[in-house]
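Letter by letter, the first sequence follows residues 8 to 169 of my numbering. Every residue, glycine too, gets a C-beta built ideally from N, C-alpha and C. As the structure is a computational prediction, the values presented were derived from the model and not from experiment. One structure is given below, encoded as structure tokens.
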Amino acid sequence: MAKRASASRSHWLFKSEPETYGWQHLVRDRRTFWGGVRNFQARNLLRDSIKKGDGVLFYHSSAEPTAIVGVAEVVADGYPDPTQFDRASPYFDKDSPRDAPRWYCVDIVPVTALAVPLDRDRLRGEPALADMMLLKRGARLSVQPVTAAEWRTILRLGRVDA
DNA sequence: GCCAACGTTGGC
DNA sequence: GCCAACGTTGGC
8 MAKRASASRS
18 HWLFKSEPET
28 YGWQHLVRDR
38 RTFWGGVRNF
48 QARNLLRDSI
58 KKGDGVLFYH
68 SSAEPTAIVG
78 VAEVVADGYP
88 DPTQFDRASP
98 YFDKDSPRDA
108 PRWYCVDIVP
118 VTALAVPLDR
128 DRLRGEPALA
138 DMMLLKRGAR
148 LSVQPVTAAE
158 WRTILRLGRV
168 DA
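Below is the structure:
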């Protein structure tokens, strides 16, 4: 069993369109696999870097408003995304070999909603978040790293006791 | 609905 | 291995 390089957990931000799968769906399901991600950079994070115990900011994209709305936690390390082998799934990938899966997912559970959801204006107004990947032009990565400082700032602004 | 930014594909 | 064309993302 490999020990993590650091004792402290890592932090991430996951984007989702609330009409497809929003915070309310995660609360309803109480646990879900974060699958259907079809981008190699995000895949690498899901497969190699995102670990059980890590913290996740849940972000609603293409929404009104677009906002960070909740905190989740990773409860299973990366494993092959089952939807890539499911012919009935919109995420089916005929080119992904069974013995060398191309796409990965992790499992997450909801921890708490932000008492104050943080929309983009609110995030942009916070100097401590000036370098957040989410706020960078053209940052489309749907699974992205969040620094410990950004994490603390967002939980404070969102009135999350942690 | 628009369109800028980006990732992927495929011709060469 | 380059790069134009294409498809997608996602804020506005």
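C-alpha distance - residue i paired with residue j, whole-angstrom precision
i: Trp30; j: Lys101; result: 30 angstroms
i: Tyr111; j: Ser68; result: 21 angstroms
i: Ala74; j: Arg127; result: 6 angstroms
i: Asp36; j: Ser96; result: 19 angstroms
i: Ala120; j: Glu71; result: 17 angstroms
i: Pro87; j: Asp93; result: 12 angstroms
Own chain, CB closer than 6 angstroms to residue i, minus 5 neighbours either side, in chain order
i: Gly60; result: Arg16
8 angstroms Cβ shell around residue i - same chain, five flanking residues per side excluded
i: Asp114; result: Arg38, Thr39, Phe40, Trp41, Val81, Val82 and Ala83
i: Gln48; result: Leu148
Proximal residues to residue i (C-beta, below 7 angstroms), its chain only, five neighbours per side dropped
i: Ala79; result: Leu33, Val63, Phe65, Ile115, Val116, Pro117 and Val118
i: Ile161; result: Leu64, Ile75 and Leu125
Identity of the residue in the options nearest residue i by Cα
i: Leu125; options: Asp36, Leu52, Arg35 and Glu157; result: Glu157
i: Asn2; options: Pro152, Leu162 and Ile161; result: Not covered by the structure: residue 2. The range shown for the chain is 8 to 169.
i: Pro89; options: Val76, Arg105, Ala74 and Phe47; result: Arg105
i: Val44; options: His18, Arg35 and Tyr28; result: Tyr28
i: Ala146; options: His18, Arg54 and Asn46; result: Asn46
i: Gln91; options: Gly85, Pro108 and Ile75; result: Pro108
i: Asp55; options: Gly85, Ala74 and Glu24; result: Gly85
i: Thr154; options: Lys22, Phe99 and Ala137; result: Ala137
i: Trp19; options: Lys58, Ala70 and Glu26; result: Lys58
Span of the alpha helix (DSSP H) around residue i
i: Leu130; result: Arg127 to Arg131
i: Phe47; result: Phe47 to Asn51
Host beta strand (DSSP E) of residue i (start-end)
i: Gln151; result: Val150 to Val153
i: Ala74; result: Ala74 to Pro87
i: Phe170; result: With the chain running from 8 to 169 in the structure shown, residue 170 is simply not present.
i: Gly28; result: Per the sequence presented here, residue 28 reads as Tyr, with Gly not at that position. Tyr28 -> not in any beta strand (DSSP E); alpha helix (DSSP H) instead, spanning Pro25 to Tyr28.
Residue i Cβ short of 7 angstroms to the ligand NAD heavy atom set
i: Asp138; result: You won't find the ligand NAD in this model; it holds no ligand whatsoever.
Whether residue i touches residue j by CB criterion (8 angstroms)
i: Ala122; j: Arg159; result: no
i: Leu130; j: Met140; result: no
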